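*Asks:* To convert, take the position in the sequence shown, counting from 1, and add 21; that gives our numbering. Where is the CB? At the ideal position from N, CA and C, for every residue including glycine. Please read these numbers as outputs of a predicted model, since none were measured by experiment. One structure follows; several queries about it will come next.
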Amino acid sequence: MDFNDSLEEAAFRRECRSWLEANATRKERPDQMHGRGLSAAERMQASRDWQGRKAAAGFGAITWPVPLGGRGGTPMQEVIYREEEGHFDVPQNLFAVSLGMVIPSLFVHASPEVRARHVGPALHGKELWCQLLSEPGAGSDLGMVRTRAERCTDGRDGWILNGQKVWTTLAQFAEFGMVLTRTDPDVPKFDGLTTFYIDMKSPGVEVRPIRQANGEAEFNEVFFNGVFIPDSQRVGAIGAGWKVTLTALMNERLSIGGVMPPELWRTAAELMRAAQFNGGRALADGRMRERLADLYLNAQGLWLLQCRGLTALGKGKEPGPELSIAKIVGARTLQDFGYLAIDLQGERGVLAAKEVGESWRLVEQLWFGAAGMRIAGGTDEIVKNSVGERVLGLPPEPRTDKGVAFNQLAR
Ligand SMILES: Cc1cc2nc3c(=O)[nH]c(=O)nc-3n(C[C@H](O)[C@H](O)[C@H](O)COP(=O)(O)OP(=O)(O)OC[C@H]3O[C@@H](n4cnc5c(N)ncnc54)[C@H](O)[C@@H]3O)c2cc1C
Numbered sequence: 022m023d024f025n026d027s028l029e030e031a032a033f034r035r036e037c038r039s040w041l042e043a044n045a046t047r048k049e050r051p052d053q054m055h056g057r058g059l060s061a062a063e064r065m066q067a068s069r070d071w072q073g074r075k076a077a078a079g080f081g082a083i084t085w086p087v088p089l090g091g092r093g094g095t096p097m098q099e100v101i102y103r104e105e106e107g108h109f110d111v112p113q114n115l116f117a118v119s120l121g122m123v124i125p126s127l128f129v130h131a132s133p134e135v136r137a138r139h140v141g142p143a144l145h146g147k148e149l150w151c152q153l154l155s156e157p158g159a160g161s162d163l164g165m166v167r168t169r170a171e172r173c174t175d176g177r178d179g180w181i182l183n184g185q186k187v188w189t190t191l192a193q194f195a196e197f198g199m200v201l202t203r204t205d206p207d208v209p210k211f212d213g214l215t216t217f218y219i220d221m222k223s224p225g226v227e228v229r230p231i232r233q234a235n236g237e238a239e240f241n242e243v244f245f246n247g248v249f250i251p252d253s254q255r256v257g258a259i260g261a262g263w264k265v266t267l268t269a270l271m272n273e274r275l276s277i278g279g280v281m282p283p284e285l286w287r288t289a290a291e292l293m294r295a296a297q298f299n300g301g302r303a304l305a306d307g308r309m310r311e312r313l314a315d316l317y318l319n320a321q322g323l324w325l326l327q328c329r330g331l332t333a334l335g336k337g338k339e340p341g342p343e344l345s346i347a348k349i350v351g352a353r354t355l356q357d358f359g360y361l362a363i364d365l366q367g368e369r370g371v372l373a374a375k376e377v378g379e380s381w382r383l384v385e386q387l388w389f390g391a392a393g394m395r396i397a398g399g400t401d402e403i404v405k406n407s408v409g410e411r412v413l414g415l416p417p418e419p420r421t422d423k424g425v426a427f428n429q430l431a432r
């Protein structure tokens, strides 16, 4: 494949760059992060405003179809925009779940009326959506979802929802959520699931933020206590919840592939140039240089994998195992970068950015975030299982629950 921009891609890159020059400020350093001193609610508002400006300029959802407000662009154009945006001091994108997973499922499975009402406000950052899948007893295996939706018995055309979700990203700020529920416990676990969307301000919905080690609360527990959902808010057929969920998960894997900050190895090299290690310069230490070389090789390998996946998508083909491999290696590489940066600081490595200085914020964020990336969108073990079975052709895991009704499974 050709790694240089085609004529059209070069023209698109110029268009992105000139819009960004007119609407944002260039970063002074590659590791500069937006939003210093802002509260979580202020960062959310900044992200909504930036999403709205991008959408108005045609950069809000580059690969979405034109009739839905997108640009009908290619995945490569999306990458070009992100590369260019990476040079500017802009708010963090907090719409990855909303626009990258939930709304694409609405495109495929919701009615034209629902799409007409909801896609525009989501695209313009006015309405945020969350994804209500995981529960305390159902994460890797979403077939074990227990949140119940039961038909109303009081004459209303709708359902009553009871149960609990967990790890729901940004639920405290979301206007709407897509929720996977069990509607029929008498059939095998994946057959009795149905998806709905809910207004997060509905009576009976309680959102409890989970405080993390870094002081932030990006996730929430969400409780449903007798929440009424009109049947018009069902997404897909009754019993087709797993099909709807698979659409979202496919899109999640696509978006998780591209999480590597550009030129991360250069940041590591700069840290190494500045640091002392074992009484000498860190860069003179062979073990440190080896870690830098590993980081560089992994980052380059990931970039090449991404190019291969994008080439497949550009030719209308499904990407192969690239996305699974990128997910496993990418999250691990980010974590390795965090450990390397901390080791280079010696004893000062345990200090927080507010003591070490602004340049430490990227390290701090990646160190806290990378462990989560090895879990979100399928844990390392689950992705390796899928590579083993689907790519290497290894025998599948034994399934003792096949054909067994959900309510007959051991708890
Ligand atoms: C950053 C982040 C954001 C998230 N956002 C959301 C969100 O917005 N909405 C949402 O619904 N959920 C969200 N989640 C939850 C996420 O989807 C789950 O954490 C994930 O699917 C794993 O499920 P679990 O935590 O229940 O772990 P479990 O499934 O209980 O797994 C525990 C351990 O057992 C291992 N394991 C499980 N099954 C197998 C197997 N068959 N073979 C080998 N090993 C196995 C796992 O790899 C893991 O190490 C988020 C998680 C993170 C980290």
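By the 10 Å Cβ neighbour count, where 16 or more other Cβ atoms means buried, how is L120 classified, buried or exposed?
*Replies:* By one-based count along the sequence shown, residue 120 stands at place 99. Classification of L120: buried, given that the 10 Å Cβ count is 16 or more.
*Asks:* Cα-Cα, which of K75, A303, L41, G58 is closest to A362?
*Replies:* As a working note, residue 362 is residue 341 in the sequence shown. Of the listed residues, the one whose Cα sits closest to A362 is A303.
*Asks:* So for C37, helix, strand or coil by DSSP?
*Replies:* Walking along the sequence shown from the start, residue 37 turns up at place 16. It is helical.
*Asks:* Would a C-beta distance cut-off of 8 Å place G247 and I181 closer than the cut-off?
*Replies:* The sequence position of residue 247 within the sequence shown is 226, counting from 1. The sequence position of residue 181 within the sequence shown is 160, counting from 1. Yes, they are a contact pair.
*Asks:* Let's test the definition: count the other Cβ atoms within 10 Å of the Cβ of T216 and tell me whether it reaches 16, buried, or not, exposed.
*Replies:* As a position in the sequence shown, residue 216 is number 195, starting the count at 1. By the neighbour-count rule (16 or more Cβ atoms within 10 Å), T216 is buried.
*Asks:* Would you say the beta carbon of N183 comes nearer than 7 Å to a heavy atom of ligand 1?
*Replies:* Against the sequence shown, residue 183 aligns to sequence position 162. The answer is no for N183.
*Asks:* Name the residue from N235, R229, D205, A352 whose alpha carbon lies nearest to the alpha carbon of A261.
*Replies:* Taking the first residue of the sequence shown as position 1, residue 261 is located at position 240. When each option's Cα is compared against that of A261, the closest is D205.
*Asks:* M394 by DSSP, collapsed to three states: which one?
*Replies:* Here residue 394 corresponds to residue number 373 of the sequence shown, with the count starting at 1. If DSSP states are grouped into helix, strand and coil, M394 belongs with the helices.
*Asks:* Thinking just about the alpha-carbon of each residue, which of G107, R38, Q113 is nearest to the one in E63?
*Replies:* Working through the sequence shown from its first residue, we reach residue 63 at position 42. The shortest Cα separation from E63 among G107, R38, Q113 belongs to Q113.
*Asks:* When you compare each of R50, E42, G146, N44 to T288 by their alpha carbons, which one comes out closest?
*Replies:* As a position in the sequence shown, residue 288 is number 267, starting the count at 1. Measuring from the Cα of T288, the nearest candidate turns out to be R50.
*Asks:* Which residues share a DSSP beta bridge with T189?
*Replies:* Position 168 of the sequence shown holds residue 189. Answer is none; T189 lacks a bridge partner.
*Asks:* Span of the beta strand (DSSP E) holding L214?
*Replies:* In the sequence shown, counting from the first residue as 1, residue 214 sits at position 193. Counting along the chain, the beta strand (DSSP E) containing L214 begins and ends at 214-220.
*Asks:* Quick one: is W71 buried, meaning 16 or more other Cβ sit within 10 Å of its Cβ, or exposed?
*Replies:* Taking the first residue of the sequence shown as 1, we reach residue 71 at position 50. Answer is buried; the Cβ neighbour count reaches 16.
*Asks:* Taking all protein chains shown into account, decide if T421 is buried (16 or more other Cβ within 10 angstroms of its Cβ) or exposed.
*Replies:* Position 400 of the sequence shown, counting from 1, holds the residue named residue 421. Exposed is the call here.
*Asks:* Return yes when the Cβ of G91 is within less than 8 Å of the Cβ of W85, no when it is not.
*Replies:* Within the sequence shown, numbered from 1, the residue matching residue 85 stands at position 64. Within the sequence shown, numbered from 1, the residue matching residue 91 stands at position 70. Yes.
*Asks:* Could you check how far apart the C-beta atoms of L365 and L292 are, in whole angstroms? I think they sit under 8 Å.
*Replies:* Within the sequence shown, numbered from 1, the residue matching residue 365 stands at position 344. Within the sequence shown, numbered from 1, the residue matching residue 292 stands at position 271. That pair is a contact at about 5 Å.
*Asks:* Can you give me the start and stop residues for the alpha helix (DSSP H) that A76 sits inside?
*Replies:* If you number the sequence shown from 1, residue 76 lands on position 55. Element bounds for A76: 61-77.
*Asks:* In chain order, what are the residues with a CB under 5 Å from some non-hydrogen atom of ligand 1?
*Replies:* For ligand 1, the selected residues are Q152, L154, S155, G160, S161, W188, T189, T190, G393, I396, A397, T400, E402.
*Asks:* Just checking my contact of F197 with Y218 at CB under 8 Å: how many whole Å lie between their CB atoms?
*Replies:* Translated into positions along the sequence shown, residue 197 becomes position 176. Translated into positions along the sequence shown, residue 218 becomes position 197. Indeed, because the Cβ distance is near 6 Å, the residues count as touching under 8 Å.
*Asks:* Assess contact between the stretch 230-245 and the stretch 380-394, defined as three or more Cβ pairs (one per stretch) separated by less than 8 Å. Is contact present?
*Replies:* Enough Cβ pairs lie closer than 8 Å, so yes.
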